[in-house]
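Below: one structure, written as structure tokens.
Numbering (our numbering), first residue to last: 147 to 477.
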């Protein structure tokens, strides 16, 4: 004789769902003293109560995941961006995570379990605005064009004209030659009508930027665009040499080299190895700032490239000191 099932177990108060429907994480959750929080914040705050060092433990785990290429790199970096934004808002409020959650949320095992699933097992997520502003995206955007205020004439309008030549589509190996020809014609046209060295420098910098951006729009398996870039790279390096001690100019070049990911630069290492002592000092200071930003963001690949550039400049400076000993008897 089968035993009849008993009545369903009554859920404890802490097991009762706190939401009346599904949440993707981006929806508004709570406003505290004029500062808005979303459901991603709610899940992270509740999960932090289970961690030995609170939000810092969650940050540390996602930093580890971001370094592990087998995991969801983009999700880890998005979570880190959200955590940084959340920490900033908590600081502005002067409150700890537990103080933003109410008593029911702090005790809710349902919310804890949901937070555990949504945060630790996320593979594809809806993103807040903060999640779109990852350190990787911010630093790469700065490298592409965020230092142009250092130029007396901004490269931006020249870049926009060049960028429009390929922005409308994708060009396979049969069409890449046309893109290169258009870039060459437009670049030369702008240089011909330029009225100052500062304007010509801005145009040459815009040409480098446009070539790098164009790589995402062409199949350059024949290296047509790569060869065009290297010709223009040398022209830019020759033009920028008198400006390298101007604040921000070397930083613009160094960050571009660190973030350019198509292997286009070939002449810049020789250029950096031939810097004057004063310019080498500027490069080392700029690289120290770049390295600090990359280390803080946990971007190990770009960090390694920046460190190699610093080693190159330092090695060149030491070689100059050894090859040109001081005359101790000179007046």
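Every residue gets a Cβ at the ideal spot worked out from N, C-alpha and C, and that includes glycine.
Legend entry - Secondary structure of residue 369, DSSP reduced to three states: What you label residue 369 is simply residue 223 of the chain shown in a count that begins at 1. Residue 369 falls in the coil class under three-state DSSP.
Inset, instruction - Determine the direct distance from the alpha carbon of residue 354 to that of residue 326, and round the result to whole angstroms. - result: As a first step, residue 326 is located in the chain shown; it is residue number 180 there, counting from the start. As a first step, residue 354 is located in the chain shown; it is residue number 208 there, counting from the start. For residue 326 and residue 354, the gap between their C-alpha atoms comes out near 12 Å.
Inset, instruction - Would you mind reading off the limits of the beta strand (DSSP E) that contains residue 181? - result: By 1-based counting over the chain shown, the position of residue 181 is 35. That run of the beta strand (DSSP E) goes 181 to 184.
Legend entry - residue 177, DSSP secondary structure in three states: Along the chain shown, one-based indexing puts residue 177 at 31. In the structure shown, residue 177 sits in a strand (DSSP, three-state: E or B).
Legend entry - Helix, strand or coil at residue 297 [DSSP, three-state]: Reading the chain shown from its first residue, position 151 is the one you call residue 297. Correct three-state label for residue 297: coil.
Inset, instruction - With a threshold of 16 other CB atoms inside 10 Å of the CB of residue 301, please say whether the residue is buried or exposed. - result: Within the chain shown, the letter at position 155 stands for residue 301. By the 10 Å Cβ count, residue 301 comes out buried.
Inset, instruction - Look up residue 411 in the DSSP assignment and say whether it is helix, strand or coil. - result: Here residue 411 refers to the residue found at position 265 of the chain shown. Of the three classes helix, strand and coil, the one that applies to residue 411 here is coil, per DSSP.
Legend entry - residue 218 beta carbon less than 8 Å from that of residue 186: The residue given as residue 186 occupies position 40 in the chain shown. The residue given as residue 218 occupies position 72 in the chain shown. Between residue 186 and residue 218, the C-beta gap is not smaller than 8 Å, which leaves the two residues out of contact.
Inset, instruction - Taking only the alpha-carbon atoms, compute the straight-line gap between residue 362 and residue 400 and give it to the nearest angstrom. - result: Your numbering for residue 362 matches position 216 in the chain shown. Your numbering for residue 400 matches position 254 in the chain shown. Cα-Cα distance, rounded: 21 Å.
Legend entry - Per-residue DSSP class, three states only, for residue 364: Mapped onto the chain shown, residue 364 falls at position 218. Of the three classes helix, strand and coil, the one that applies to residue 364 here is strand, per DSSP.
Inset, instruction - Could you say if the stretch 230 to 239 and the stretch 284 to 298 meet the contact criterion of at least three C-beta pairs nearer than 8 Å? - result: No, the stretch 230 to 239 does not touch the stretch 284 to 298.
Inset, instruction - From the DSSP output, read off the bridge partner residues of residue 375. - result: Taking the chain shown and counting its residues from 1, the one referred to as residue 375 is at position 229. Answer by DSSP bridge pairing: none, since residue 375 is not bridged.
Inset, instruction - Would you give the residue range spanned by the alpha helix (DSSP H) that residue 443 belongs to? - result: As a working mapping, residue 443 is identified with position 297 in the chain shown. For residue 443, the uninterrupted alpha helix (DSSP H) segment begins and ends at 423 to 443.
Inset, instruction - Please report the residue range of the alpha helix (DSSP H) in which residue 237 lies. - result: Along the chain shown, read from residue 1 onward, the residue named residue 237 stands at position 91. Its alpha helix (DSSP H) spans residues 219 to 239.
Legend entry - Any 3 or more C-beta pairs closer than 8 Å across the stretch 443 to 450 and the stretch 388 to 395: As far as the Cβ criterion goes, the stretch 443 to 450 does not touch the stretch 388 to 395, which means the pair count is below three.
Legend entry - Boundaries (first-last residue) of the alpha helix (DSSP H) holding residue 323: As a first step, residue 323 must be located in the chain shown, where it is residue number 177. Membership of residue 323 in the alpha helix (DSSP H) is indicated by the continuous run 322 to 339.
Inset, instruction - Decide if residue 254 is buried, meaning its Cβ has at least 16 other Cβ atoms within 10 Å, or exposed. - result: For the purposes of this step, residue 254 is taken as the residue at position 108 of the chain shown. Buried, since its Cβ has 16 or more Cβ neighbours within 10 Å.
Inset, instruction - Would you mind sorting residue 382 into buried or exposed? The rule is 16 or more other CB atoms within 10 Å of its CB. - result: The residue given as residue 382 occupies position 236 in the chain shown. By the 10 Å Cβ count, residue 382 comes out buried.
Legend entry - residue 411 to residue 398 span [Cα, whole Å]: For the purposes of this step, residue 411 is taken as residue 265 along the chain shown, with counting starting at 1. For the purposes of this step, residue 398 is taken as residue 252 along the chain shown, with counting starting at 1. Each residue's Cα considered, the two are about 14 Å apart.
Inset, instruction - On the DSSP bridge assignment, give the partners of residue 317 in chain order. - result: The count along the chain shown starts at 1 and reaches residue 317 at position 171. Residue 317 is bridged to 364.
Legend entry - Residue range of the unbroken alpha helix (DSSP H) whose run includes residue 204: Along the chain shown, read from residue 1 onward, the residue named residue 204 stands at position 58. It spans 201 to 213 - the alpha helix (DSSP H) in which residue 204 sits, taken as one unbroken run.
Inset, instruction - Evaluate contact between the stretch 175 to 191 and the stretch 265 to 277, counting only Cβ atoms and requiring at least three cross-stretch pairs below 8 Å. - result: Flag = yes, the stretch 175 to 191 and the stretch 265 to 277 touch.
Inset, instruction - Put residue 268 into one of helix, strand or coil per three-state DSSP. - result: Numbered from 1 along the chain shown, position 122 holds the residue referred to as residue 268. When secondary structure is reduced to three states using DSSP, residue 268 falls in the coil class, being assigned neither helix nor strand.
Legend entry - Contact under 8 Å by Cβ, residue 369 with residue 329: What you label residue 369 is simply residue 223 of the chain shown in a count that begins at 1. What you label residue 329 is simply residue 183 of the chain shown in a count that begins at 1. Going by C-beta atoms, residue 369 is not nearer than 8 Å to residue 329.
Inset, instruction - Let me know the secondary structure DSSP gives residue 474 once reduced to three states. - result: Position 328 of the chain shown, counted from the first residue, corresponds to residue 474. Per-residue confidence for residue 474 stands at a pLDDT of 34, beneath the threshold of 50, marking its modelled position as unreliable; the derived number appears in the next sentence. Reduced to three states, the DSSP call for residue 474 is coil.
Legend entry - Rounded straight-line distance, which links the Cα of residue 226 to that of residue 194: Mapped onto the chain shown, residue 194 falls at position 48. Mapped onto the chain shown, residue 226 falls at position 80. Counting only the Cα atoms, residue 226 lies some 14 Å from residue 194.
Legend entry - C-alpha gap between residue 168 and residue 212, whole angstroms: Translated into the one-based positions of the chain shown, residue 168 becomes position 22. Translated into the one-based positions of the chain shown, residue 212 becomes position 66. Straight-line Cα distance between these residues: approximately 28 Å.
Inset, instruction - Using only alpha-carbon positions, find the residue among 460, 441 and 350 that is nearest to residue 376. - result: Indexing the chain shown from 1 puts residue 376 at position 230. Closest option to residue 376, Cα to Cα, is 350.
Inset, instruction - Mind checking which residues open and close the alpha helix (DSSP H) that includes residue 420? - result: What you label residue 420 is simply residue 274 of the chain shown in a count that begins at 1. It is not in any alpha helix (DSSP H) - residue 420 carries neither H nor E in the DSSP assignment.
Inset, instruction - For residue 266, count neighbouring C-beta atoms within 10 Å of its own C-beta (all shown protein chains included) and say buried if the count is 16 or more, exposed if not. - result: The sequence position of residue 266 within the chain shown is 120, counting from 1. Exposed, because fewer than 16 other Cβ atoms sit within 10 Å of the Cβ of residue 266.
Inset, instruction - Within the same chain, show all residues whose beta-carbon is closer than 7 Å to that of residue 348, passing over the 5 residues directly before and after it, in chain order. - result: For this step, residue 348 is matched to residue 202 along the chain shown. The beta carbon of residue 348 is closer than 7 Å to those of 297, 299, 300, 301 and 304 in its chain, skipping five residues each way along the sequence.
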